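Visitor: Here it is, the structure, as structure tokens.
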Amino acid sequence: MTVFLPHSFVVFLSGLNCTSFFRPLKMNQCWFFLPMLRAVRRHSSSRSPGRRYTTATFPTSFAFDREETAAPISIPHLKLKMVLSSAVSTTNHVWNTYLDALNSIESSEIDLETHQNVLRRCTSSTEDMRKGSKKRYLRLSQPAAGHAYEDRFQSVIQNILALGRRPSIEDYHFVLEQFAAVGHSIGSMQVYKEMKGSSKCQPNNVTIALVLQSIAHRLVVPERKADRSDTVHHAAGLLKQLLDDMQNMGLPWTSTNMDLTIRIMKHTSDEESFNNLLRLCYGVDMRYPDKLPLDTEASALLPFTTHTLNTVLNMYGVCGNVSRLVQAFEVLTVPLPHAYKHFAAAFDDDDDFGVNPPELHSRLVSADLRRKIIVTPHLSDVHAPSMSVNRNMFLSVFGLSNRNKNITLMRWVHDKLAKVLKQKKADLLHFSNFVKHLKKKGQWPPPELPSRNPQVPMSAGPEYVEIDDVRWRLADIDDVLAVDPQRQHLPSLHPPKPLDLQLHLRILQSDIDDLTQLSEYIRSVLARTIERVKDRLGRRVWKGKDIFLKSEAEKAKVAGQDKVRVQVSKDKWREIANYKPKLGKGGLARPPSHFHHERIRREFAQQVRAERMEKRKAMAALKSSLKPPQSDPTSVADNSTQP
Numbered sequence: 020m021t022v023f024l025p026h027s028f029v030v031f032l033s034g035l036n037c038t039s040f041f042r043p044l045k046m047n048q049c050w051f052f053l054p055m056l057r058a059v060r061r062h063s064s065s066r067s068p069g070r071r072y073t074t075a076t077f078p079t080s081f082a083f084d085r086e087e088t089a090a091p092i093s094i095p096h097l098k099l100k101m102v103l104s105s106a107v108s109t110t111n112h113v114w115n116t117y118l119d120a121l122n123s124i125e126s127s128e129i130d131l132e133t134h135q136n137v138l139r140r141c142t143s144s145t146e147d148m149r150k151g152s153k154k155r156y157l158r159l160s161q162p163a164a165g166h167a168y169e170d171r172f173q174s175v176i177q178n179i180l181a182l183g184r185r186p187s188i189e190d191y192h193f194v195l196e197q198f199a200a201v202g203h204s205i206g207s208m209q210v211y212k213e214m215k216g217s218s219k220c221q222p223n224n225v226t227i228a229l230v231l232q233s234i235a236h237r238l239v240v241p242e243r244k245a246d247r248s249d250t251v252h253h254a255a256g257l258l259k260q261l262l263d264d265m266q267n268m269g270l271p272w273t274s275t276n277m278d279l280t281i282r283i284m285k286h287t288s289d290e291e292s293f294n295n296l297l298r299l300c301y302g303v304d305m306r307y308p309d310k311l312p313l314d315t316e317a318s319a320l321l322p323f324t325t326h327t328l329n330t331v332l333n334m335y336g337v338c339g340n341v342s343r344l345v346q347a348f349e350v351l352t353v354p355l356p357h358a359y360k361h362f363a364a365a366f367d368d369d370d371d372f373g374v375n376p377p378e379l380h381s382r383l384v385s386a387d388l389r390r391k392i393i394v395t396p397h398l399s400d401v402h403a404p405s406m407s408v409n410r411n412m413f414l415s416v417f418g419l420s421n422r423n424k425n426i427t428l429m430r431w432v433h434d435k436l437a438k439v440l441k442q443k444k445a446d447l448l449h450f451s452n453f454v455k456h457l458k459k460k461g462q463w464p465p466p467e468l469p470s471r472n473p474q475v476p477m478s479a480g481p482e483y484v485e486i487d488d489v490r491w492r493l494a495d496i497d498d499v500l501a502v503d504p505q506r507q508h509l510p511s512l513h514p515p516k517p518l519d520l521q522l523h524l525r526i527l528q529s530d531i532d533d534l535t536q537l538s539e540y541i542r543s544v545l546a547r548t549i550e551r552v553k554d555r556l557g558r559r560v561w562k563g564k565d566i567f568l569k570s571e572a573e574k575a576k577v578a579g580q581d582k583v584r585v586q587v588s589k590d591k592w593r594e595i596a597n598y599k600p601k602l603g604k605g606g607l608a609r610p611p612s613h614f615h616h617e618r619i620r621r622e623f624a625q626q627v628r629a630e631r632m633e634k635r636k637a638m639a640a641l642k643s644s645l646k647p648p649q650s651d652p653t654s655v656a657d658n659s660t661q662p
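End of the sequence shown sits at 662 in the numbering used here; the numbers just go up one at a time, nothing left out.
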């Protein structure tokens with residue numbers, strides 16, 4: 020590649036001190052300028068006197084991807100590129116460098132990619148903008164609406180338009196994300212209108228979601244009561260305009276847009292728009308809630324879930340329309356695809372005589388539900404458990420207690436481990452007997468059933484929004500901004516797995532083996548830890564030093580004393596530590612205080628009782644051997660009758 024440079028520029032580069040020029044920058048980032056400088060110096064000596072340009076040949080392998088890279092046009096442009104390539108450059112540094120480049124050269128000399136990089140680097144991240152906006156609204160009584168760097172966005176967009184190019188849809192979405200982070204609904208609508216006027220960047224579902232998010236964020240920020248009505252009225256107008264544009268452009272409804280729209284209607288209380296939204300998205304016309312509208316296709320509707328029903332009821336309750344609330348509750352509780360079964364006779368005949376009500380009440384419904392509950396479900400309808408208490412769960416807590424020598428926590432882990440072991444053994448016995456029962460009846464293994472399509476929830480956000488009140492809360496801002504506008508498709512849910520009894524039994528047996536081994540290990544570690552603590556405290560007592568006792572600390576706290584460490588006597592410490600002498604000649608000793616568990620005490624008591632019983636039996640045998648034999652009374656009588 021051959022590049023022609025002006026003679027004045029070559030002379031300037033030849034006399035340039037490279038070290039002083041790159042001192043404010045980083046040498047490892049100048050991978051394209053140093054080869055150019057060496058080439059210029061190498062070919063400057065062979066320049067013709069009559070030529071105004073110098074021929075310099077640049078290698079084509081400057082970058083690691085072996086692509087040809089054009090030389091920078093000017094020094095300010097080069098400096099701007101290097102600042103943008105640095106990850107430690109601040110937003111103000113990037114913007115000041117960009118302004119210096121614009122003042123030194125024309126904006127047309129800067130390529131489109133550089134303008135786009137400046138657009139993304141001249142502002143803080145959305146998380147920082149959210150925090151700053153929240154603090155500003157809480158600190159000021161009447162904060163000015165808008166974005167702190169809105170002027171920068173406008174300047175960069177104008178410079179891109181001056182190049183004869185159009186900003187991409189990603190550029191507009193970046194600006195909308197920044198406006199949504201601070202609740203700048205007016206600026207979002209201006210960007211949205213500019214996108215509508217462009218032939219190449221038409222709004223899509225992501226654009227609508229970002230504008231809705233900015234409106235919802237604006238409604239949850241704190242403000243004066245005098246300005247609340249104007250804000251709500253303006254938000255209602257913007258929402259109506261967006262809904263009309265979505266219908267005119269034929270954009271389909273997504274769960275994210277539906278969620279954000281409900282958030283806005285929670286504050287605007289626009290019942291008419293809410294009814295239109297129900298009719299468009301769910302096919303529910305509250306004037307005739309028992310049938311689908313004639314101009315609605317059932318395949319294009321979102322699923323009507325229980326959360327949606329609660330939202331509808333809460334919305335009408337906030338608006339004060341009690342009759343519509345009761346009507347929605349009585350009719351929408353029956354699934355709409357099957358509602359014609361309950362209302363066909365009522366619409367065919369003029370008389371409603373003999374038609375049963377769609378829902379019974381009180382005791383009849385309760386009795387029917389109880390009968391359905393007690394029916395044993397099919398094995399394929401039982402879902403596999405998604406969580407299991409195993410060795411790893413206890414091991415982390417036990418490791419913490421062992422490192423800190425926390426006897427209380429270690430003792431708690433040991434007790435809980437025994438309860439979990441008991442429950443798992445009971446489950447293992449129950450399921451084993453159940454499998455044996457199925458084998459006797461010839462119902463094992465159970466037949467495989469076809470997979471069922473799971474019901475997809477409406478909301479794609481982390482949580483569904485309930486319409487509770489219209490008061491502002493600090494958590495509302497994070498709740499609104501938690502919705503991801505980029506997620507415009509329903510999440511793909513994995514179908515629930517049925518319970519596999521064989522696999523479940525293997526997991527139970529494996530958990531029991533691991534927990535049993537861990538329980539024995541924790542038992543030994545607990546005993547060793549308690550003994551070491553007793554020995555350490557005993558050495559302090561024998562040296563006459565003070566120790567910490569919980570009982571004495573509580574007394575000192577009640578008395579208002581600061582000293583919680585006390586000195587105890589050796590006899591008192593023997594009583595506290597439960598030191599006991601040996602029992603008998605057999606070498607059997609009382610267990611130390613760490614053998615406080617019920618199992619250890621029971622084994623010790625059984626051992627003591629067994630030894631005592633053996634001693635009693637030995638004593639009884641000894642006594643019986645020492646007694647004289649008694650004479651038979653019949654033999655004495657016979658002897659007395661003889662002469």
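Ideal Cβ placement from N, Cα and C applies to all residues, glycine included. None of the values given here were measured: they were computed from a predicted structure.
Grab the span of the alpha helix (DSSP H) containing F95 for me, first residue to last.
Guide: What sits at residue 95 in the sequence shown is Pro, not Phe. Start and end: I94 to S104.
Visitor: May I have the straight-line CA-CA distance separating R184 from L131, to the nearest angstrom?
Guide: A direct Cα-to-Cα measurement between R184 and L131 gives close to 8 Å.
Visitor: Using C-beta distances below 8 Å, list every residue in its chain close to L195, excluding the 5 sequence neighbours before and after it, in chain order.
Guide: Correct list, in chain order: S207, V210, Y211, T226, L229, V230 and S233.
Visitor: To the nearest whole angstrom, what separates the beta carbons of A255 and T287, a pair I think is in contact under 8 Å?
Guide: Contact annotation, A255 with T287: C-beta distance approximately 4 Å; criterion of less than 8 Å satisfied.
Visitor: From E630 to P396, what does the alpha carbon distance come to, in whole angstroms?
Guide: Between E630 and P396, the C-alpha separation is close to 54 Å.
Visitor: Which of the three DSSP states, helix, strand or coil, is assigned to I124?
Guide: Of the three classes helix, strand and coil, the one that applies to I124 here is coil, per DSSP.
Visitor: Assuming H112 and N178 form a contact by the criterion Cβ under 8 Å, report the distance between their Cβ atoms to the nearest whole angstrom.
Guide: In this structure H112 does not touch N178 by the C-beta definition: roughly 19 Å separates them, more than the 8 Å allowed.
Visitor: Going straight from the alpha carbon of R139 to that of M265, what length do you get?
Guide: 28 Å
Visitor: Touching or not, the segment 559-572 and the segment 581-596, by the rule of three or more beta carbon pairs under 8 Å?
Guide: yes
Visitor: Given this structure, state the Cα-to-Cα distance separating C338 from V439, to the nearest angstrom.
Guide: 51 Å
Visitor: Round the Cβ separation of S143 and T110 to the nearest angstrom and send it over; I've been treating them as touching at under 8 Å.
Guide: 6 Å
Visitor: Should P465 and S399 be called a contact, given that it needs their Cβ atoms to be closer than 8 Å?
Guide: Taking 8 Å as the cut-off, the Cβ atoms of P465 and S399 count as close.
Visitor: Near S420, which residues of its chain fall below 6 Å by C-beta distance, leaving aside the five closest residues on each side in sequence?
Guide: L428 and M429
Visitor: Can you tell me the Cβ-Cβ gap for S104 and S123, rounded? I've got them flagged as a contact below 8 Å.
Guide: With a Cβ gap of about 19 Å, S104 and S123 do not count as contacting.
Visitor: For H456, does the three-state DSSP call read helix, strand or coil?
Guide: helix
Visitor: Where does the unbroken alpha helix (DSSP H) through L419 begin, and where does it stop?
Guide: R410 to N423
Visitor: Cutting at 7 Å between CB atoms, please list the residues of its own chain near D446, excluding the five before and the five after it.
Guide: L527
Visitor: DSSP three-state label for V544, please.
Guide: If DSSP states are grouped into helix, strand and coil, V544 belongs with the helices.
Visitor: So, helix, strand or coil for I129, using DSSP?
Guide: coil
Visitor: Provide the residue span of the alpha helix (DSSP H) that contains A572, from first to last.
Guide: For A572, the enclosing alpha helix (DSSP H) begins and ends at K569 to A578.
Visitor: May I ask you to list the residues that DSSP assigns as paired with R584?
Guide: F567
Visitor: Assess contact between the segment 243-251 and the segment 291-309, defined as three or more Cβ pairs (one per stretch) separated by less than 8 Å. Is contact present?
Guide: no
Visitor: Quick one: what's got a C-beta closer than 8 Å to L332's C-beta in the same chain, skipping five residues either side?
Guide: L344, A347 and F348
Visitor: Buried or exposed: I392, going by 16 or more other Cβ atoms within 10 Å of its Cβ?
Guide: exposed
Visitor: With DSSP run on the structure shown, which of helix, strand or coil describes R609?
Guide: Confidence in R609 is poor, its pLDDT being 49 and thus under 50, which makes the residue's placement too unreliable to answer from.
Visitor: How would you label P271, buried or exposed, when you count the other beta carbons within 10 angstroms and need 16 or more for buried?
Guide: By the C-beta density criterion, P271 is exposed, having fewer than 16 other C-beta atoms within 10 angstroms.
Visitor: For H402, list the residues DSSP reports as bridge partners.
Guide: P517
Visitor: In three-state DSSP terms, what is A167?
Guide: coil
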